[in-house]
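In what follows, a single structure is set out as structure tokens and then discussed.
Chains as they are written, first to last, in our numbering: chain A, 2 to 647; chain B, 2 to 647.
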């Protein structure tokens, strides 16, 4: 089955998943269908919610005489009357709820294949949060054994192999690694229902992160049993692609309404805080007066409307680069979820998430509160600032934050200072930490919106970064003439444009890349309207273009040639297989399955050099994936080629 | 026109507003109807959005020959075919947009009356944010002059007198005071559109607060020209009752979609992040493919669906006591709105808002971030803690926060400490500041949910409160036996139940009230299941019942008699007019129009003594309003009587 990334934000992604019964766009939700008792038919789901995929239980079908027979004779799609994709579950959850279920692990896989399931699930061993590590280890041993044995039976069916390992991150990660090496197609994260039921979101986040770290990024990941929209945004941001909901029906039976912020009893409602078709066509009083059977159906519809609405909000957030904003906002709905956000501050997790984070976004970074400064993208910004940027001098003058760009409004003061000392470093002491003047138009410095007064946690973090960045520098605060008298004077004139170009190049391509690119006669074309750098020429050749939207450079072929010559392999390289070379030479983009190697410092949306296995430059382009993804995916684009060697 | 409070939270309220064309429940939204170009008919609005009230422009009707004639002959309701309430505007906004409009201020009032408007608006002078203070002062002078002159013309029509005064709080407050003294019925806060257009929410909040401070609380307040749901929750929390939306149509014309977090262009949408009927029945692609005319109508419908959805979310939040949670969550959508939240931290505003804040809520206090600790209800809690609570000793042992109630899990340690020193004060060092053990079941201490690790700003604030509360105390942290050795020993045995009862009484009724109520033989009935205090008897008489839901006391009649005897007038009193006495003696509740005086320390949901003008006790009850409200409102209940004197 084809699975390819189309859009991305945070460690989340919009993927296209191709099944024998249609294409499914992820993130997506599979409503649980109990063929014995339908509240809403699959056809109604298709009509009302555009349902592309659903999940039903092969264990229930298998043990029910009539269903078993019908499923085998006409197939599961005809049995439940749905022509979209169908995943089947195997009875694992029943074994957790009811104790041992008399099913043979291999028989149930064969049965799922025989009834034509698009995705069949092995009978894994459900690991509970309270089990010992030894028991959890034994459980994953058995799960992996069954997974291996199941592969030969899958036929045309995609095989889902759940990750188990209780709440032990190292076991989750190991289990994930082991099942990744099996020829399976779909990876549910199992055994998480008890965590969600008890709002143990901190443990849930640790489990998801550990599982994702062990898993291949090239296959769909399903948070098995997660049906409440409250956790959808965070789970997607960590890399989950699928959810399944029996919650819509269970809560409806209980006369409860799902909302993105939690669940509420219909009896407690007076105004319906929702505009879905159910809530638009009824008042709360009217819903309460319906016959119970009819009411349950209406509540189930409401529950699915808002669950799909949240999926669409997530997709919209990924498209607009605002998934972290959505995650942080949703976290304010539940203190336990907010608590779980603290897990993301652990260095190891931050660096894992940073690896998947795009280097630029279509929308400005919006501050939402004390979580914002801890985002992986901000972590990256500082990593690159500390590793790649070189201040122009050890003496600096610091300004408080101005309007965007960060230095706006300080032109006169900066001129005065530079008259006295041409080389002095100018720093803005911003909510995002220190901003060297040369970088003040670069994403996300200029493309971020903070309130004038943020919270103390953010201020403390920004101050700590500033202090750490300037610990070997002599920093004066701008206080009019008193600052000027303290300045040492410098002699050499500085080309401000060259300084900015070099600094942004260092941040984007690596320390020293600015010097390499500017090693010749430089000409700069600026926007007449904004006076901002647009195109950069070196010895008459167009090497760089600065994008107005994010203040980052597009690397032109002539610039790529210089970097390729001066910067050693494997830096900035994406290496393609010989089979792909003729296509790249025609200007086609690089597909993941042809990538043989890649600089591990490259991140989604970084500029890169496309080379053959002998490191001959073929083209320049922009990465859509990171190294692990490029080497794992069999489908989809890895690099969007911009210019080919002619 | 009747206007009465039915439910309340923060300084917001759900009111019933009675008009000649039906009852309107506030907060509510008035869609703007331009009789010259209808996108959606008023009848469709009624059907789709349950529209109870709308607003149209008498200036436009007046200057259009046919409309003018028709409006006079058959009335504005028939003209625009709407049988609900209609407010009319006067041309003030047109004068702001287009310059001087040739309308006579008194003629336009008479015209509105003659066409049968339910609420007609005077032609006030629009104050812009950039005008000088002198110009603003002159503007409000003219506005107030016109308001006074308009009153005699209003007839049966309710008269709306806008508050002006640009961005000068003292002018806004003075203007509000002046129009409050006029016989007007409805108070728009005018001149705020330029603030909203430029996202100057900090100024907007200051303007609303200043206006509310000057206004009577007994009349509806309308944030004139506010149609974007982004600011609805905060505006309602500050006391606004009405909004009007031309935004739904304007944005639709511009092919933009309103969401609670902002506005987005249809062309930028791929997944529709909404489940309203429009978004449920169309994909983004389908909307884009509609004929422009049809598309505009669909977008206008979407815009109104989500605007009314936000109104319903606010009503739901008021009913469940979670309006501040909603406000704080919505503030995370926009850094300028978040910035505006800082205004609420100013002492003067905090104490204004505290005056309207109920003392208990149906739902737990939920932490959402660094805003939470600054809520007026938390401010009240600390005011009462510092003013009313007396620690049992100057020596204290401090514990970190446990499970809810705050001390849970420390039973054994506390026993050990109390063996050594029976009188020592036990304090929990919580996210909400210091919690004396005696108060750990009282709202909101036990009824609050914080993450284990909150933000540094909250921690700093809690620590500062703890330090301030204990500055004259000798506080030891609990560190096992090392703490025990440092304790002085005490001799007197302490009755823990009496201590808790006394402490909660002091917090609820005032310092010393605990001693007064417990001045006899005390018997306590506890829940067998939870071992918590339920009923308190003094000399055999039932004086108090503790509510399980919020850990606060219901004052019984026998308790009220003791307090009435020992606590001097006017403390805890609500004084009723002689005309009402017979009704109160029958056990009827107290209506606001019969209240002649009230203790200004009483807050909504505080227990109170209902007395006649000679301070004879008539009954005991629970306040629904504060003093200013009781003395201002002509309609609705002021105190819910619980037990009458027999």
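From the three backbone atoms N, C-alpha and C, an ideal C-beta is built for every residue, glycine too.
Please name the residue, chosen from the options, that lies closest to residue i on a Cα-to-Cα basis.
{"i": "residue 36 of chain A", "options": "A/59, A/108, A/385, A/408", "result": "A/59"}
{"i": "residue 641 of chain A", "options": "A/627, A/632, A/622, A/647", "result": "A/622"}
{"i": "residue 167 of chain A", "options": "A/151, A/186, A/134, A/187", "result": "A/134"}
{"i": "residue 279 of chain B", "options": "B/87, B/646, B/50, B/522", "result": "B/50"}
{"i": "residue 315 of chain A", "options": "A/306, A/628, A/328", "result": "A/328"}
{"i": "residue 333 of chain B", "options": "A/361, A/367, A/238", "result": "A/367"}
{"i": "residue 108 of chain B", "options": "B/152, B/132, B/261, B/130", "result": "B/152"}
{"i": "residue 627 of chain A", "options": "A/4, A/160, A/12, A/2", "result": "A/12"}
{"i": "residue 200 of chain A", "options": "A/156, A/336, A/405", "result": "A/336"}
{"i": "residue 575 of chain B", "options": "B/477, B/25, B/620, B/583", "result": "B/620"}
{"i": "residue 190 of chain B", "options": "B/219, B/218, B/203, B/223", "result": "B/223"}
Assign residue i to one of two classes, buried (16 or more other C-beta atoms within 10 Å of its C-beta) or exposed (fewer than that).
{"i": "residue 605 of chain A", "result": "buried"}
{"i": "residue 63 of chain A", "result": "buried"}
{"i": "residue 473 of chain A", "result": "exposed"}
{"i": "residue 226 of chain B", "result": "buried"}
{"i": "residue 470 of chain A", "result": "buried"}
{"i": "residue 526 of chain A", "result": "exposed"}
{"i": "residue 99 of chain B", "result": "exposed"}
{"i": "residue 647 of chain B", "result": "exposed"}
{"i": "residue 583 of chain B", "result": "exposed"}
Would you say residue i lies against chain B (beta-carbon separation less than 9 Å)?
{"i": "residue 417 of chain A", "result": "no"}
{"i": "residue 37 of chain A", "result": "no"}
{"i": "residue 333 of chain A", "result": "yes"}
{"i": "residue 629 of chain A", "result": "no"}
{"i": "residue 299 of chain A", "result": "no"}
{"i": "residue 532 of chain A", "result": "no"}
{"i": "residue 281 of chain A", "result": "yes"}
{"i": "residue 318 of chain A", "result": "yes"}
{"i": "residue 404 of chain A", "result": "no"}
{"i": "residue 570 of chain A", "result": "no"}
Contact criterion: CB-CB distance below 9 Å. Does residue i meet it with respect to chain A?
{"i": "residue 49 of chain B", "result": "yes"}
{"i": "residue 304 of chain B", "result": "no"}
{"i": "residue 252 of chain B", "result": "no"}
{"i": "residue 181 of chain B", "result": "no"}
{"i": "residue 40 of chain B", "result": "no"}
Can you list the residues of chain A that residue i reaches, using a CB-CB cut of under 8 Å?
{"i": "residue 456 of chain B", "result": "370, 371, 456, 457, 458"}
{"i": "residue 309 of chain B", "result": "276"}
Whose Cβ in chain B lies nearer than 9 Å to the Cβ of residue i?
{"i": "residue 199 of chain A", "result": "Those within 9 Å of residue 199 of chain A in chain B number zero; the least Cβ separation is about 14 Å."}
Measure the alpha-carbon distance for residue i versus residue j and round it to whole angstroms.
{"i": "residue 267 of chain A", "j": "residue 253 of chain A", "result": "9 Å"}
{"i": "residue 445 of chain A", "j": "residue 103 of chain B", "result": "51 Å"}
{"i": "residue 317 of chain B", "j": "residue 57 of chain B", "result": "28 Å"}
{"i": "residue 559 of chain B", "j": "residue 542 of chain B", "result": "6 Å"}
{"i": "residue 92 of chain B", "j": "residue 61 of chain B", "result": "8 Å"}
{"i": "residue 78 of chain B", "j": "residue 195 of chain A", "result": "58 Å"}
{"i": "residue 372 of chain B", "j": "residue 436 of chain B", "result": "20 Å"}
{"i": "residue 596 of chain A", "j": "residue 631 of chain A", "result": "6 Å"}
{"i": "residue 303 of chain B", "j": "residue 567 of chain A", "result": "56 Å"}
For a test of your reading of the model: does the CB of residue i fall under 8 Å from any non-hydrogen atom of the ligand MN? Yes or no.
{"i": "residue 624 of chain A", "result": "The model depicted lacks the ligand MN and carries no ligand whatsoever."}
Since residue i meets chain B, which of its residues come closer than 8 Å, beta carbon to beta carbon?
{"i": "residue 329 of chain A", "result": "333"}
{"i": "residue 451 of chain A", "result": "336"}
Cβ closer than 7 Å: which chain A residues qualify as neighbours of residue i?
{"i": "residue 409 of chain B", "result": "Within chain A, no residue comes near residue 409 of chain B; the closest Cβ sits about 17 Å away, beyond 7 Å."}
{"i": "residue 313 of chain B", "result": "272, 273, 274"}
{"i": "residue 289 of chain B", "result": "Going along chain A, no residue has its Cβ under 7 Å from residue 289 of chain B, so there is no contact; the nearest lies around 15 Å."}
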